[in-house]
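Undergrad:
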Amino acid sequence: MTNLSPLATLAVLADPTRRRIFEHLAERPSAVGALAADLPVTRPAVSQHLRVLLEAGLVTVAAEGTRRIYRLDPRGIGALRDWLDRQWAGALAGFAAFAATDEEPKP
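If you're matching positions, the sequence shown starts at 0 in numbering that gives the first Met the number 0 and goes up one per residue.
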């Protein structure tokens with residue numbers, strides 16, 4: 000797992016095909032062939048997207064017989080969620096501070 004910044008990790012998921020692969024793996028672990036069957040791209044293209052997801056720390060891979068099975072990596076997802084939680088907490092704190100004042104917002 001690499002240590003991409005949260006924004007770089009989000010950029011990895013900005014690609015629609017990569018996001019669909021990620022969502023598929025959230026439902027069930029899969030091999031490249033199963034992923035490619037549900038996508039309008041080739042198996043080599045799916046493999047390239049999986050490599051990017053691996054480098055971002057969002058998926059793991061394990062050999063099972065002759066196949067390589069990809070799964071979401073809870074560590075990478077947890078790091079992204081922690082970052083999102085911090086952003087949300089900061090936004091809520093800012094809203095609470097603003098709501099506690101009687102001032103009108105300034106343009």
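Even for Gly, the Cβ is constructed at its ideal location relative to N, Cα and C.
(1) Quick one: what does DSSP say Ser46 is sitting in, helix, strand or coil?
(2) If you check the beta carbons only, do Val134 and Leu34 fall under 7 angstroms apart?
(3) Using the three-state DSSP reduction, which class does Arg27 fall into: helix, strand or coil?
(4) Check the DSSP bridge columns for Thr59 and list the partner residues they point to.
(5) Please return the same chain residues whose Cβ sits closer than 7 angstroms to the Cβ of Arg70, not counting the five positions on each side in sequence.
(6) Taking the CB atoms as reference points, tell me whether Trp87 and Pro5 lie closer together than 7 angstroms.
(7) How far does the alpha helix (DSSP H) with Val11 in it extend, from its first residue to its last?
(8) How many angstroms separate the CA atom of Gly64 from the CA atom of Ala30?
(9) Would you mind stating whether Ala55 and Thr8 have Cβ atoms separated by less than 7 angstroms?
TA: Short version:
(1) Correct three-state label for Ser46: helix.
(2) Any answer about residue 134 is impossible in this case: the structure gives the chain only from 0 up to 106.
(3) In the three-state scheme derived from DSSP, where H, G and I count as helix and E and B as strand, Arg27 is classed as coil.
(4) In the DSSP output, where bridge partners are listed per residue, Thr59 has Arg70.
(5) Excluding positions up to five away in sequence, the list reads Leu24, Pro28, Val58 and Thr59.
(6) No.
(7) Run containing Val11: Pro5 to Ala13, per the alpha helix (DSSP H) assignment.
(8) Between Gly64 and Ala30, the C-alpha separation is close to 11 angstroms.
(9) Result yes, Cβ atoms of Ala55 and Thr8 sit closer than 7 angstroms.
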